[in-house]
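Residue 177 in the working numbering sits at position 158 of the sequence shown, with consecutive numbering throughout.
The beta carbon of each residue, even a glycine, is placed where N, CA and C say it ideally should be.
A short write-up of the structure that comes next.
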Amino acid sequence: MYRVFEALDELSAIVEEARGVPMTAGCVVPRGDVLELVDDIKDAIPGELDDAQDVLDARDNLLREAKEHADSMVATATTEADSLLSHSRAEADRLLADAKSQADRMVAEARQHSERMVAEAREEASRLAATSKREYEAATSRAKAEADRLVESGNLSYEKAVQEGIKEQQRLVSQTEVVNAANAEATRLIDTAHAEADRLRGECDIYVDNKLAQFEDYLNGTLRSVSRGRHQLRTAAGTHDYVQH
């Protein structure tokens with residue numbers, strides 16, 4: 020290829036240095052030199068063409084081998100992908116079956132646990148209700164009996180004080196020299212009797228109120244226990260519904 024370019028350069032130099040023909044664009048070149056350079060170019064070109072063809076053939080071989088290798092790799096990759104896809108599908112089906120089985124088992128266990136909790140909560144609620152009723156009746160009976168006793172005691176004390184006042188008044192009235200003092204003392208005794216009766220009634224009311232307050236606290240505690248039992252029932256029922264969905 021170097022000789023071709025060299026001969027072309029020499030040919031260009033001959034043309035550029037040739038003497039021109041007047042009144043034309045032509046020129047006079049040495050025929051022998053030009054033909055010799057043309058022959059050199061003709062002789063050099065076949066060898067270069069052979070080299071170029073060899074390069075093209077080598078390129079075609081490389082391209083063909085690369086295509087065959089690529090086709091082989093694609094086929095292998097396709098086969099492996101199909102195999103992997105089949106294996107993945109089988110594994111996914113197995114995992115899905117295992118997950119469904121485990122989910123069914125968990126749902127069954129949750130349902131049994133929920134039903135057991137509901138039954139226990141109902142039994143506890145019934146027990147608390149029965150206990151609360153018994154204790155309420157007992158506390159009410161005790162409070163009523165204590166109130167009746169205090170009222171009776173107050174009435175007896177009141178009557179006793181009144182009787183003593185009346186007797187003292189009668190005794191003092193019989194003594195003319197101390198009539199005024201007797202009247203005053205009798206009035207005092209009667210007032211004292213009334214005050215004592217009022218005090219006893221007040222203490223009775225306070226006692227009854229305290230007993231009722233204690234019973235109220237107990238009932239509130241019982242109601243809280245019942246509320247917790249109802250909350251457990253609702254929670255268990257909510258869990259059961261959620262598991263079924």
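For this session: Give the straight-line distance between the Cα atoms of ALA85 and ALA116, rounded to the nearest whole angstrom.
Result: 45 Å
Problem set entry | Among MET136, GLU215, ARG83, GLU25, the one whose alpha carbon lies nearest that of GLN251 | MET136
For this session: Answer with buried or exposed for ALA212, where buried requires no fewer than 16 other C-beta atoms within 10 angstroms of its C-beta.
Result: buried
Exercise. Using the C-alpha atoms, what's the distance from PHE24 back to LEU81?
Worked result: 30 Å
Problem set entry | 7 Å Cβ shell around VAL47 - same chain, five flanking residues per side excluded | ALA37, ARG38, VAL40
Exercise. With distances taken from CA atoms, which of GLY51, ALA255, LEU238 is nearest THR150?
Worked result: LEU238
Exercise. Should TYR261 go down as buried or exposed, given a rule of 16 or more other Cβ atoms within 10 Å for buried?
Worked result: Low confidence applies to TYR261: its pLDDT is 44, below 50, so where it sits in the model is not reliable, and the reading given next is rough at best. When all chains shown are included, TYR261 counts as exposed.
Exercise. In chain order, what residues of the same chain have a beta carbon less than 7 Å from the beta carbon of SER172, not counting five sequence neighbours either side?
Worked result: LEU219
Exercise. Are the Cβ atoms of LEU147 and GLY248 separated by less than 8 Å?
Worked result: yes
For this session: Please go through the same chain and pick out, in chain order, the residues whose beta-carbon is closer than 6 Å to the beta-carbon of ALA77, but skip the five residues on each side of it.
Result: none
Exercise. Quick one: Cα of ASP62 to Cα of GLU87, how far?
Worked result: 39 Å
Exercise. Closer than 7 Å: is that where the CB of ASP76 sits relative to any heavy atom of the ligand MN?
Worked result: The ligand MN is not part of the structure shown, which contains no ligands of any sort.
For this session: Leaving out five residues on either side along the sequence, give the residues of the same chain with a beta carbon under 8 Å from the beta carbon of VAL34.
Result: CYS46, VAL48
Exercise. Do you know how far the Cα of GLN233 is from the Cα of ARG243?
Worked result: 15 Å
Exercise. Exposed or buried, which one is ALA32 when buried takes at least 16 other CB atoms within 10 Å?
Worked result: exposed
Exercise. Rounded to whole angstroms, how far is the Cβ of GLN188 from the Cβ of ALA201, which I believe are closer than 8 Å?
Worked result: 6 Å
Exercise. Would you say CYS215 and SER176 are within 8 Å of each other, going by their C-beta atoms?
Worked result: Checking the sequence, you will find Glu at residue 215 rather than Cys. The answer is yes: Cβ separation under 8 Å.
Exercise. What did DSSP end up calling VAL47 once you bin it into helix, strand or coil?
Worked result: strand
Exercise. Short check: CB of GLU156 to CB of LYS230, under 8 Å?
Worked result: no
Problem set entry | Pick from CYS223, VAL227, ILE185, TYR226 that is closest to ILE209, judged by C-alpha positions | ILE185
Exercise. According to DSSP, which residues form a beta bridge with GLY39?
Worked result: CYS46
Exercise. Under 8 Å between the Cβ atoms of VAL245 and ALA144?
Worked result: yes
For this session: Compute the distance between the beta-carbons of ASP59 and ARG22, then report whether it is under 8 Å.
Result: yes
Exercise. Around the Cβ of LEU56, are there at least 16 other Cβ atoms within 10 angstroms (buried) or fewer (exposed)?
Worked result: buried
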